[in-house]
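Asker:
This is the structure we're talking about:
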């Protein structure tokens, strides 16, 4: 899997630049990210890159738009496992039982009917950019019930906390493209799970002056859990 930027940079407010959608599309067909100036959440599904914003339904992004943070991979075709009746904690437990290794990255795809899903999107920021924790304080949350769609995301090893989100990090996109965003909570009714492990991790860093001039140190575990939600590696379910 390939990643642009690091989570600790978002926490520090250093997200001036990004990777273009055109470049992202050459690197894979599956992933998650965030919009320019943290103006929403991104879902990459079957080669299409969707932005989920505060004001409009999810829409395909143009090649010229940029993502200040993105995780992307090529998701292989393969067998799926039926799953049902799982909350977020139970889903995380099941996924962790299916991991090839807790030291590898895993892409997670779940297609089906969700009894409920709570998602968030963040409003676009203006200079000077605020740290992610302050941005998510103003996030817009939506709770849907009985919706069909796809959960897209990754499970990352605990040692990468701060580089990315350790544990399970998932976004949602409805089949009718009416809503999407970062998943804060979910209840899976009937769905199909696909999981793919990756032993290569390619990290690409920004080179804009703000990032280069911001010395990043990782002491933000509690803030990562607070802003990302969910059940994380090393945290109790």
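Numbering (this note's numbering), first residue to last: 12 to 248. A virtual CB, placed ideally from N, CA and C, is assigned to each residue, including glycine. All of these numbers come straight from a predicted model, not from anything done at the bench.
By the DSSP assignment, the beta strand (DSSP E) with residue 82 in it spans what residues?
Answerer: Numbered from 1 along the chain shown, position 71 holds the residue referred to as residue 82. Here the beta strand (DSSP E) through residue 82 covers 80–84.
Asker: According to the neighbour-count rule (16 or more other Cβ atoms, all chains shown, within 10 Å of its Cβ), is residue 175 buried or exposed?
Answerer: Mapped onto the chain shown, residue 175 falls at position 164. So residue 175 counts as buried.
Asker: I need the straight-line Cα distance from residue 98 to residue 220, nearest angstrom please.
Answerer: On the chain shown, residue 98 is found 87 positions in, with the first residue counted as 1. On the chain shown, residue 220 is found 209 positions in, with the first residue counted as 1. Rounded to whole angstroms, residue 98 to residue 220 spans 42 Å at the Cα level.
Asker: Indicate the three-state DSSP secondary structure (helix, strand or coil) for residue 134 in the structure shown.
Answerer: Along the chain shown, read from residue 1 onward, the residue named residue 134 stands at position 123. Three-state DSSP puts residue 134 in coil, outside helix and strand.
Asker: Report all residues from its chain with a CB closer than 8 Å to the CB of residue 209; omit the five preceding and five following residues, and keep chain order.
Answerer: Mapped onto the chain shown, residue 209 falls at position 198. Once the five neighbours on either side are set aside, the close Cβ partners of residue 209 are 12, 84, 115, 116, 117, 118.
Asker: Taking just the CA atoms, how far does residue 126 sit from residue 134?
Answerer: The sequence position of residue 134 within the chain shown is 123, counting from 1. The sequence position of residue 126 within the chain shown is 115, counting from 1. Each residue's Cα considered, the two are about 27 Å apart.
Asker: Under the DSSP definition of a beta bridge, which residues are partnered with residue 43?
Answerer: Position 32 of the chain shown, counted from the first residue, corresponds to residue 43. 54, 82.
Asker: Please classify residue 138 as buried or exposed, where buried requires at least 16 neighbouring CB atoms within 10 angstroms.
Answerer: The count along the chain shown starts at 1 and reaches residue 138 at position 127. Counting Cβ neighbours within 10 Å, residue 138 comes out exposed, since fewer than 16 surround it.
Asker: For residue 201, I'd like the list of residues in its chain whose CB is within less than 7 Å of its CB, leaving aside the five on either flank, ordered along the chain.
Answerer: Locating residue 201 in the chain shown gives position 190, where the first residue counts as 1. Only 95, 123, 124 meet the Cβ criterion.
Asker: Quick check on the DSSP output: the beta strand (DSSP E) that includes residue 14 runs from which residue to which?
Answerer: Locating residue 14 in the chain shown gives position 3, where the first residue counts as 1. Its beta strand (DSSP E) spans residues 13–15.
Asker: Do the stretch 183–202 and the stretch 146–162 touch if we need at least three Cβ pairs shorter than 8 Å?
Answerer: Enough Cβ pairs lie closer than 8 Å, so yes.
Asker: Tell me whether the stretch 38–51 and the stretch 100–114 touch, counting them as touching only if at least three CB pairs, one residue from each stretch, are closer than 8 Å.
Answerer: Counting Cβ pairs under 8 Å, fewer than three are found: no touch.
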